[in-house]
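Here is the structure we will look at.
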Amino acid sequence: MTTRKWTARDTKKSIVIPSDLDNKYSRGVLGVITGSAKFPGAAVLSSGAVSATGLGMIRFHSSSGLAHLVLHSNPEVVVQPGPVTAWLAGSGIEAKKYSDFTTWQRHRWFTLIAKQSVPTILDAGALHLAGKLDQPTVITPHAGELSRLLRTRGVTVDSEAIEGDPKKWARRASEEFNVTVLLKGSKTVVAHGKDLIELPASTPWLATAGTGDVLAGILGALVATNYIEILNDKEHLANLAASAAFIHNAAALLASRGSPITATHVIDYIPEAIGKIL
186 MTTRKWTARD
196 TKKSIVIPSD
206 LDNKYSRGVL
216 GVITGSAKFP
226 GAAVLSSGAV
236 SATGLGMIRF
246 HSSSGLAHLV
256 LHSNPEVVVQ
266 PGPVTAWLAG
276 SGIEAKKYSD
286 FTTWQRHRWF
296 TLIAKQSVPT
306 ILDAGALHLA
316 GKLDQPTVIT
326 PHAGELSRLL
336 RTRGVTVDSE
346 AIEGDPKKWA
356 RRASEEFNVT
366 VLLKGSKTVV
376 AHGKDLIELP
386 ASTPWLATAG
396 TGDVLAGILG
406 ALVATNYIEI
416 LNDKEHLANL
426 AASAAFIHNA
436 AALLASRGSP
446 ITATHVIDYI
456 PEAIGKIL
């Protein structure tokens, strides 16, 4: 069992710099299933964060008429299904939770995730797929979501307890579902089995709507560009999850400079944050 403190130097190793031999396919293609009629902004924010972090192509799988919103902000996005090197699913898609916490809302595109068995990120409304996929998987819950997810395995713990000991519960969830866990919060941690990565404390200005969608998008880009490394060593997912959280906070600090920010502002500063890390 190991615990590591994550730094900019560690993060730099996760950022793939394209060579003159690369093209839009070799740089990674991310399949994105995010947003809904209730939370359409999540589709725009997650896709925008992916683009700002850098990769070859985004394939956005449209639902609830969201394609025009995504294309308005990010016209480079492709809105047709096709081969991908990684998946990002669930941001802004509401999970309907019943008394036994076992029945969840289904999404028509989720069936593709198992058919294209590539590294996968599960957020929000896709968290119910944790432990049900064969491919390397990372989940990105906050404390409340992790509490509800653990109850599906008969583990009763409230969000306050998880916030009080995030290391313990991130490890428990990782072992329970056989996934990498990026547990979001003021003290963000990443668990892969018993191994743990601790992130520097996040700026409190990140406690605003949509920033979780931005984090998921950053991670999506890193996973799509590192897909070969992940398939060779699925433990690499933990490094990418920690790197995404580090970039997320670095961009927020640049955007804020001690003042309030929005999720959109964080996206605007992702390229500068990555530049400074490199």
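Counting along the sequence shown from 1, when you hit position 88 you're at 273 in this note's numbering, and nothing is skipped either side.
We put the beta carbon where it would ideally sit given N, CA and C, even for glycine.
Predicted model only: the values in this text are computed from it and were never measured.
Cβ-Cβ distance between residue i and residue j below 8 Å
i    : j    : result
A311 : G395 : no
S344 : S332 : yes
V264 : A274 : no
L384 : T373 : yes
L368 : P389 : no
V399 : L230 : yes
T410 : L240 : yes
I347 : V323 : no
T238 : A423 : no
S249 : S276 : no
K198 : P321 : no
A440 : I432 : no
V235 : V269 : no
N363 : G402 : no
Sheet register partners of residue i (DSSP bridge)
i    : result
K190 : E383
T322 : T305
V374 : L368 and E383
V408 : The partner list for V408 (beta bridge, DSSP) is empty, contrary to what the question assumes.
Where residue i sits in the DSSP three-state scheme
i    : result
I403 : helix
F245 : strand
V366 : strand
A274 : strand
L463 : coil
G395 : coil
H313 : helix
D285 : Because D285 sits at a pLDDT of 38, beneath the cut-off of 50, its placement in the model cannot be relied upon, and the following sentence gives the value as read from the coordinates. D285: coil per DSSP, three-state reduction.
V263 : strand
G329 : helix
Q290 : Caution applies to Q290, whose pLDDT of 46 falls short of 50 and renders its modelled position unreliable; the value that the coordinates give is listed next. Coil, per DSSP.
A138 : Since the displayed the chain opens at 186 and closes at 463, residue 138 lies outside it and no answer follows.
P488 : Residue coverage of the chain in this structure runs from 186 to 463, which leaves residue 488 outside it and unanswerable.
V340 : coil
I446 : coil
Residue i burial status per 10 Å Cβ neighbour count (16 or more: buried)
i    : result
H257 : exposed
P260 : exposed
S284 : At S284, the pLDDT of 37 sits below 50, so the modelled position is not reliable; the number obtained from the coordinates is stated separately. Answer is exposed; the Cβ neighbour count stays below 16.
R357 : buried
L215 : buried
S428 : buried
M186 : exposed
E330 : buried
T341 : exposed
G443 : exposed
L463 : exposed
I413 : exposed
T188 : exposed
N208 : exposed
Jot down the residue ranges of each uninterrupted beta strand (DSSP E) in the stretch 190 to 244, minimum 3 residues, whole runs only, in chain order. Entirely contained in the stretch 190 to 244, the beta strand (DSSP E) runs reaching 3 residues are, in chain order, 214 to 218.
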